[in-house]
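Participant: These protein sequence lines are chains A and B, in that order.
Under my numbering, the first residue of the first sequence carries the number 808, and numbering increases by one thereafter.
Under my numbering, the first residue of the second sequence carries the number -14, and numbering increases by one thereafter.
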Amino acid sequence: MKFTIERANLLKTLSHVQSIVEKRNTIPVLSNVRIEALEDGISFKATDMDTEITEIVDAKTIETGATTAPAHMLYDIVRKLADGSEVEITFPDEKGQLTIASARSKFSLSTIGVEDFPVISGDKLPINFTMDKEELKDVIDRTKFAVSTEETRYYLNGVYMHAKNEGEAKVLRVVATDGHRLACVETPLPQGAENLTGIIVPRKTITEIRKLLDDNNADHILVSMSENKVRFAFEDITLTSKLIDGTYPDYERVIPTDNDKNLELSVKDLSSAVDRVSVVAERTRAIKMITAPSKVTITTSSPDLGSAQEELEAKYEGESVEIGYNFRYLLDILTEVKGDAVRISFADASSPSVIHDTTDSSAIYVLMPMRV
Amino acid sequence: MSETAEQLTLELPHRQALGKEDFLISPCNEEAVRMIDTWPRWDFFAVCIYGSEGCGKTHLANVFSNRVSLLTNYPYKIPCIKAQQLKLETVHDLFQENTCLIVEDLCTEIDEEAMFHLYNLYRNEGGNILFTSQTAPARLHFKLKDLQSRLNIVPSIEIKAPDDELLSSLLIKLFMDRQINVSPEVVSYILNNMERSFAYARKIVAEIDRLSLARKRAVSIALVKDAIVDLADDSQGELF
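Put into structure tokens, the structure is as follows:
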């Protein structure tokens, strides 16, 4: 195997594939990237046994062939090569290793044969649909922050996607929760996704796909799914992932429909006020909102650090309520509200609050209060 | 504002595994299981399974319901009604629509006349009833003497207090129902420090689940200790 490739193209591809490779592996070949020189390009493949990425990149193939080499080391080497340079990769060299040569630099890396490299893709996945890139980015951004990072509840370590008949309209629902807050976003159901009964896409896959969406020119992404796998295909990149084998909770039961107190206020004003008050709330993360007709007061206090108070104009009618929130959760949600105003609906200080953009009904956020 | 602000959690529902293969059989409940397995060859038209809260009566009733559907090619589950909800005006329709019926919680306050008519209809016209209760029917005190005398003769099988082997399996099942992975050390610790009852097993698993979700922490022995203290605090009465 021998080929020459522009350093910038190689670096970009390696940055994608090395991201899948875990830093520590008990199976040595999983630390490697599979490199195959084809007649019409070079294929790079990496896997952690749950996720697999394949990227085809343009290069000048001198001799076809394949091997695997340490992904992170290869990436670090290429990252340090001179910008704009050409890189020549050869396997095997006179010592049976992989050689990376560029200008006056030359590196030799140990390899492992491709026959040991596991492949998890290859199955035909029965559900296929195309999604607009911006739409996919949007649903990921508006839900990803609520995905649980705690491994005990493995079934919450991903986003839940399913088709839903919402009155006349059919929608694709994307949901994430960590048990403290929940994000539920809808987008028109893509043609072909009608039979999507519910899958949990792992957090790592969502993170990787989100990075790829920023780094790719494709306008549409082909999404394929089965009961246990999902695949996202761009022009030159394919990411295949196992799904989380668990039952997602009946999340609709925790979205209140009868919260009778509505507070409406500017997203910008609320974000800024919460952000300022939070300086004193770093330890407990708790802030308190006190509602009153046409205004809301945000406070926090700590015996060691001091206290803070902000008063904001708001649309509110009804009795005064004091309700505590984790300021980080509130800011996470407010970051994803694109409109000018937000509505916070609640029943009391210990029941779930519902937050949504006053001009956009496609997303609902549920936030559990803090007892303060 | 308190220094120990507590994050409240969403009450995410979980599904209990209520199939026959999910029921944990041990000497304390094998007689009740045998009774369910012998339907429709019951000696009497009705049977009562009784035992303390959380001992698996509802689970067994579900197993019974599945068995009836399977053996009679009935496409739906047979109804499971709470004894408290039984009304005189619905008794006849219930009998017309169902040859088998599950009546749960016989030990609660009931419309005795409705229950008397239900009993007579199924007994005289042909049909089966599975009763569940926390107390044996013969030890319940009904005002209607005719109902008392009838229920006194219903074969009643007790689900007794659980042994350690069953409690250990039950804890694992309850965690599995909530899709929570726990280590054998944690199960062993709970087993060594818990009240020997089905109800406590359910309470402690629910409290561990709540605490671990609120704190975003894995289920460790330290977290279990806190959950045990929380339950003890909850059961402690207050002077003032």
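Even for Gly, the Cβ is constructed at its ideal location relative to N, Cα and C.
Predicted, not measured: the structure shown is a model, and the values here were computed from it.
In angstroms with no decimal places, state the Cα-to-Cα distance between residue 40 of chain B and residue 194 of chain B.
Facilitator: 20 Å
Participant: Can you tell which of A:1060, A:1179, A:1030 has the C-alpha that lies nearest to the C-alpha of residue 1133 of chain A?
Facilitator: A:1179
Participant: With C-beta atoms as the reference, is residue 836 of chain A less than 8 Å away from residue 945 of chain A?
Facilitator: no
Participant: So residue 1135 of chain A is in the alpha helix (DSSP H); what residue range does that whole segment cover?
Facilitator: 1134 to 1143
Participant: Which residues in the same chain have their Cβ closer than 8 Å to the Cβ of residue 1127 of chain A, if we skip the five residues on either side of it in sequence?
Facilitator: 1097, 1098, 1099
Participant: Expressed to the nearest angstrom, what Euclidean distance is found between the alpha-carbon atoms of residue 1077 of chain A and residue 1070 of chain A?
Facilitator: 11 Å
Participant: For residue 1159 of chain A, would you say it is in contact with chain B, using Cβ-to-Cβ distances shorter than 8 Å as the test?
Facilitator: yes
Participant: Could you tell me whether the Cβ atoms of residue 1177 of chain A and residue 198 of chain B are closer together than 8 Å?
Facilitator: no
Participant: Of the residues A:1056, A:1160, A:842, which one's Cα is nearest the Cα of residue 162 of chain B?
Facilitator: A:1056
Participant: For residue 1120 of chain A versus residue 1102 of chain A, is the C-beta spacing smaller than 8 Å?
Facilitator: Yes.
Participant: Can you list the residues of chain B that residue 1133 of chain A reaches, using a CB-CB cut of under 9 Å?
Facilitator: -10, -8
Participant: Looking at chain B, is there any beta carbon in it that lies within less than 8 Å of the beta carbon of residue 1096 of chain A?
Facilitator: no
Participant: Is DSSP giving residue 874 of chain A helix, strand or coil here?
Facilitator: strand
Participant: Output the boundary residues of the alpha helix (DSSP H) element that contains residue 1088 of chain A.
Facilitator: Run containing residue 1088 of chain A: none; DSSP gives neither H nor E here.
Participant: Following the continuous beta strand (DSSP E) through residue 939 of chain A, name the residue where it begins and the one where it ends.
Facilitator: 934 to 939
Participant: Looking only at DSSP bridge pairs, what is residue 1009 of chain A linked to?
Facilitator: A:965
Participant: Quick one: list the residues of chain B neighbouring residue 1056 of chain A, beta-carbon separation under 7 Å, in chain order.
Facilitator: Residues of chain B passing the Cβ test: -3, -2, -1.
Participant: Could you tell me whether the Cβ of residue 197 of chain B comes closer than 8 Å to any Cβ of chain A?
Facilitator: With 8 Å as the cut-off, residue 197 of chain B counts as an interface residue toward chain A.
Participant: Counting only runs that start and end within the region 162 to 221 of chain B, where is the alpha helix (DSSP H) found for 4 or more residues in a row?
Facilitator: 169 to 178, 183 to 200, 206 to 220
Participant: Please say whether residue 831 of chain A and residue 873 of chain A have beta carbons closer to each other than 8 Å?
Facilitator: No Cβ-Cβ contact shorter than 8 Å links residue 873 of chain A with residue 831 of chain A.
Participant: Just the Cα atoms here: how many angstroms apart are residue 851 of chain A and residue 1012 of chain A?
Facilitator: 18 Å
Participant: From residue 1190 of chain A to residue 1081 of chain A, what distance separates their C-alpha atoms?
Facilitator: Past the boundaries of the shown model lies residue 1190 of chain A; chain A is included only from 808 to 1179, so the question cannot be answered.
Participant: Alpha carbon to alpha carbon, how far is residue 77 of chain B from residue 88 of chain B?
Facilitator: 15 Å
Participant: Hey, out of B:-11, B:103, B:1, B:32, whose CA is closest to residue 138 of chain B's CA?
Facilitator: B:32
Participant: Taking just the CA atoms, how far does residue 1046 of chain A sit from residue 1016 of chain A?
Facilitator: 8 Å
Participant: Please report how far the alpha carbon of residue 896 of chain A lies from the alpha carbon of residue 809 of chain A, in whole angstroms.
Facilitator: 6 Å
Participant: Exposed or buried, residue 995 of chain A, counting other C-beta atoms within 10 Å across all chains shown (16 or more means buried)?
Facilitator: exposed
Participant: Would you mind reading off the limits of the alpha helix (DSSP H) that contains residue 130 of chain B?
Facilitator: 130 to 137
Participant: Is it buried or exposed, residue 101 of chain B, if we count other Cβ atoms within 10 angstroms and call 16 or more buried?
Facilitator: buried
Participant: Run through the DSSP bridge pairs and tell me what residue 258 of chain B is partnered with.
Facilitator: What is shown of chain B runs -14 to 225, which leaves residue 258 of chain B out entirely.
Participant: On the three-state DSSP scale, how would you describe residue 985 of chain A?
Facilitator: Secondary structure at residue 985 of chain A: coil, using DSSP grouped into helix, strand and coil.
Participant: For residue 1029 of chain A, tell me which candidate among A:942, A:824, A:1145 has the shortest Cα-Cα distance.
Facilitator: Answer by Cα proximity: A:942.
Participant: Return yes when the Cβ of residue 68 of chain B is within less than 8 Å of the Cβ of residue 93 of chain B, no when it is not.
Facilitator: yes
Participant: Note down the Cα distance separating residue 1109 of chain A from residue 1135 of chain A, rounded to an integer number of angstroms.
Facilitator: Near 17 Å, if we compare the C-alpha coordinates of residue 1135 of chain A and residue 1109 of chain A.
Participant: In terms of residues, what are the limits of the beta strand (DSSP E) holding residue 844 of chain A?
Facilitator: 839 to 845
Participant: By a C-beta neighbour count over all protein chains shown, 10 Å radius and 16 as the cutoff for buried, is residue 190 of chain B buried or exposed?
Facilitator: buried
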